[in-house]
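Worksheet: the structure to be examined is printed underneath.
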Amino acid sequence: MKNKVLKCEDLEVYGHEILELLIDVYKTNFDFPREQCVSTCKEKLEKLYEYIKDGSAIIIGAFLDEQLLGIVWLYKKEVYNELYLHVNQLVVKSEHRGKGIGKELIFEAEKQAKLFNAKYLELYVIEENKSALGLYNNMGFETKKRYMIKKL
């Protein structure tokens, strides 16, 4: 397996696969109807071109030969004058989960964070996503905040 930072031209080649990965993660985490997932993810993919061009986003793809297996989508943010690299999305094709690909993508995200002298790598995770929680806990992430909602 090989990981690489994707450029705009890579998005043109792998755009459909990235779209399917994003749809999968949105269906899993947000309980949207498929049509809403598709339209939301198409918008996100279109914006991703601009984010890569302006340097605000980093996409790392995991590849086996030329097949895209998963991605991690990162962006830089500043919190109280400290640079963070935020994991916006981490998703691996369902048939390739449990093979260490997500872990490798997080390691790559850590390398990127160090290149930018970021102090932290952060992410949000849905409580019900037990496999993701297990991965992040095993990789040394700690819960620092809790996002709470109340249905009205």
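Note that the sequence shown covers residues 1 to 152 in the working numbering.
Just so you know, even glycine gets a beta-carbon here, dropped at the ideal spot from N, CA and C.
Distance, residue j Cα to residue i Cα
i      : j     : result
LEU123 : LYS7  : 22 angstroms
LEU133 : LEU68 : 23 angstroms
GLU9   : TYR49 : 9 angstroms
ILE106 : LEU85 : 11 angstroms
ILE59  : GLY15 : 12 angstroms
Terminal residues of the beta strand (DSSP E) in which residue i lies
i      : result
PHE63  : 57-64
GLY70  : 67-79
LYS157 : Residue 157 lies beyond the range of the chain shown here (1 to 152); nothing can be said about it.
LEU123 : 120-123
Other residues of its chain near residue i: CB distance less than 8 angstroms, five sequence neighbours each side excluded
i     : result
PHE63 : MET1, LYS2, ASN3, LYS4 and LEU69
Classification of residue i by the beta-carbon crowding that lies within 10 angstroms, buried from 16 upward
i      : result
GLY98  : exposed
LYS89  : Residue identity check: residue 89 is Gln in the sequence provided, not Lys. Under this definition GLN89 is a buried residue.
GLU104 : buried
GLU127 : exposed
ILE149 : exposed
Limits of the alpha helix (DSSP H) - the one that residue i falls within
i      : result
GLU17  : 8-30
ASN137 : 130-138
LYS145 : Counting along the chain, LYS145 falls outside any alpha helix (DSSP H), and DSSP gives it neither H nor E.
6 angstroms Cβ shell around residue i - same chain, five flanking residues per side excluded
i      : result
GLU142 : none
Within the segment 78-115, note down every full beta strand (DSSP E) run reaching 3 residues or more, in order along the chain.
82-92
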